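Enquirer: Take the working numbering: the last position of the sequence shown gets the number 1017, and nothing is skipped along the way.
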Amino acid sequence: MARDQYTFTDPTALYSDIEPKKQHQTEPGLDADMTPQPDLGEDTYRGTGRLAGRKALITGGDSGIGAATAIAFAREGADVAIAYLPQEEEDAARIAGLIRDAGVKVAQLPGDLSDPDYCRGLVDQVVAELGGIDILVNNGGKQIFNEDITTLPDEQWQETFDVNVRATFLLTKAAVPHMKPGSTIINTTSHQAYTPSPTLLDYASTKWAINGFTKAVAQQLAPKGIRVNAVAPGPVWTVLQVTDGQPQEKVAEFGKQTPLGRMGQPAEMAPAYVFLASAESSYIIGDTVNANGGSPTP
Ligand code: NAD
Ligand code: MG
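1) Helix, strand or coil: which one does DSSP assign to K774?
2) Is the beta carbon of N883 less than 7 Å from the beta carbon of T925?
3) In chain order, what residues of the same chain lie with their CB nearer than 8 Å to the CB of R839, ignoring the 5 residues before and after it?
4) Are the CB atoms of H743 and V961 nearer to each other than 7 Å?
5) What I want to know is whether the C-beta of S924 ends up closer than 6 Å to one or more non-hydrogen atoms of the ligand NAD.
6) Relative to the C-alpha of I1019, which residue among V1008, A971 and Q827 is closest?
7) Taking a contact to mean a Cβ-Cβ separation below 7 Å, would you say A800 touches L776 in this structure?
8) Heavy atom of the ligand NAD less than 6 Å from the Cβ of V955, yes or no?
9) Which whole-angstrom value describes the C-beta separation of G980 and P954, a residue pair presumed to lie in contact below a C-beta threshold of 8 Å?
10) Any idea which residues DSSP pairs V955 with across the strands?
11) Return the CA-CA distance between I818 and K824, expressed in angstroms with no decimal places.
12) Starting from Q827, trace the beta strand (DSSP E) both ways and give me its first and last residue.
13) Which same chain residues end up closer than 8 Å to Q875 when comparing Cβ atoms and leaving out the 5 residues on each side of it in sequence?
14) What are the uninterrupted segments assigned as alpha helix (DSSP H) that are 4 or more residues long and contained completely in the stretch 814–893, given in chain order?
15) Pick out whichever of D752, D758, E809 and G850 has its Cα sitting closest to the Cα of T788.
16) At the level of alpha carbons, what is the spacing between A847 and T754?
17) By Cβ distance below 7 Å, which residues in the same chain neighbour P730 in space, the five residues on each side in sequence not counted?
18) Kindly list the residues whose CB is nearer than 8 Å to the CB of Y1002, restricted to its own chain and excluding five residues on each side of it in sequence; keep chain order.
19) Under three-state DSSP, which class holds R765?
20) Note the first and the last residue of the continuous beta strand (DSSP E) segment covering T914.
21) Find the nearest neighbour of E761 within the set E878, H910, D820 and A923, judged by alpha-carbon distance.
22) Give the single residue among S735, I905, Q724 and E746 whose Cα lies nearest to the Cα of Q965.
23) Nearest-angstrom Cα distance between A835 and E987?
24) In the DSSP output, which residue or residues are listed as bridge partners for T754?
25) Determine the direct distance from the alpha carbon of E795 to that of G944, and round the result to whole angstroms.
26) Based on the DSSP secondary-structure assignment, which residues constitute the bridge partners of N948?
27) Name the two residues that bound the continuous beta strand (DSSP E) containing D798.
28) Excluding the five sequence neighbours on either side, which residues of its own chain have a C-beta within less than 6 Å of the C-beta of A886, listed in chain order?
What follows is the structure, encoded as structure tokens:
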């Protein structure tokens, strides 16, 4: 049998043959143009019905962690809507095909998360196309490195907050009125929330804010039967890292500092989202699953 996510495997040996080379794309970039391409679990994720009949919206579901999560949700039986920027249509079309192959419904809903009107209308589009929403994954995110605060453009600071934090707020606000008890919301924070890099002032600040938002709103929504949690990835091989998410020279060393000694792949993040989306995590609320190769967390 080919390997799947349940195969007993040494995690230090997994992906040990992957050596990313220096490469650069313009934001938002495409998985299709990466070398090597990130593993989204296309050949390995095996569903067992954990999200049967559920209806999910995943922002940034075209590539990287969001796309791996979209594939996993579909194979677990959920209908899936993916949101992404119009420039990402090539990646989005491939992921939509994989979702369809799983025998569930798919909706493709392109737009800009920094536009509050798009955010407010997005949930209505999901409800119209899928017939409801009971999982929201806030995963779309912007990360542009900058060496010196005196050269960090005000516009970049604002846009990073708009995409990472305000969209998370607006989509949660729009989704809650549609959500039945048992629904789940999963936000995407980062190890950067606790170990901010000096080159990621704006990005790290947004990820800290998302952790705080998650813990606060989780307490508010728990009595309604809606659970909110977060996933905090560590270094994961995605196009975010080669679209000025970090200096290009650092790409080859990416993830080597973790106890596991390597970067992670999107396929290794998706199971955390599945767990938090499904009813099996019913008593877990306001928490953050850290998927970071072993770096200590607070
Ligand atoms: P990715 O580039 O594949 O995904 C990010 C997605 O965000 C894009 O595909 C895009 O669709 C979306 N996006 C960005 N700006 C947008 C905008 N203005 N409007 C609409 N959509 C927009 O990279 P990824 O690494 O899979 O990122 C997914 C999430 O994981 C992000 O929130 C990121 O901060 C987080 N994260 C990634 C890492 C990592 O090492 N890759 C580590 C920690 C956290
Ligand atoms: Mg993308």
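By construction, the Cβ of each residue, glycine as well, lies at the ideal position given by its N, Cα and C atoms. Computed from a predicted model, the values in this text were never measured in an experiment.
Expert: Let me spell this out:
1) Correct three-state label for K774: strand.
2) The answer is yes: Cβ separation under 7 Å.
3) Leaving aside the five residues that flank R839 on each side, the residues in its chain whose CB is nearer than 8 Å to its CB run, in chain order, L889 and A893.
4) Yes; because the gap between Cβ atoms is below 7 Å, this pair is in contact.
5) No, the Cβ of S924 stays beyond 6 Å of every heavy atom of the ligand NAD.
6) Absent from the model: residue 1019. The displayed extent of the chain is 720 to 1017, so no value can be given.
7) Yes, the pair counts as a contact, with Cβ atoms nearer than the cut-off.
8) Yes; taking the cut-off as 6 Å, the Cβ of V955 has a heavy atom of the ligand NAD nearer than that.
9) That belief does not hold up - the Cβ atoms of G980 and P954 are roughly 11 Å apart, past 8 Å.
10) For V955, which the question treats as bridged, DSSP gives the partners G983.
11) One C-alpha to the other measures close to 7 Å.
12) Per DSSP, Q827 belongs to the beta strand (DSSP E) from V825 to Q827.
13) Here the set comprises I863, N865 and D921.
14) As far as the stretch 814–893 is concerned, its whole alpha helix (DSSP H) runs of at least 4 residues are 835–849 and 873–880.
15) The shortest Cα separation from T788 among D752, D758, E809 and G850 belongs to D758.
16) Just so you know, the alpha carbons of A847 and T754 end up roughly 37 Å apart.
17) Counting only residues of its own chain and dropping the five nearest sequence neighbours on each side, P730 has a CB closer than 7 Å to the CB of L979.
18) Taken in chain order, the list of residues that qualify is empty.
19) Residue state, collapsed to three classes: coil.
20) First-last for T914: undefined, no H or E at that position.
21) E761 has its Cα closest to that of D820, out of E878, H910, D820 and A923.
22) When only C-alpha atoms are compared, the closest one is E746.
23) First, the residue type needs correcting, since residue 835 is Pro and not Ala in the sequence shown. P835 and E987 have their C-alpha atoms roughly 31 Å apart.
24) None, per the DSSP bridge assignment.
25) Cα to Cα, the separation comes out at about 22 Å.
26) Paired residues: I905.
27) That run of the beta strand (DSSP E) goes D798 to A802.
28) Hits under 6 Å: L832 and C838.
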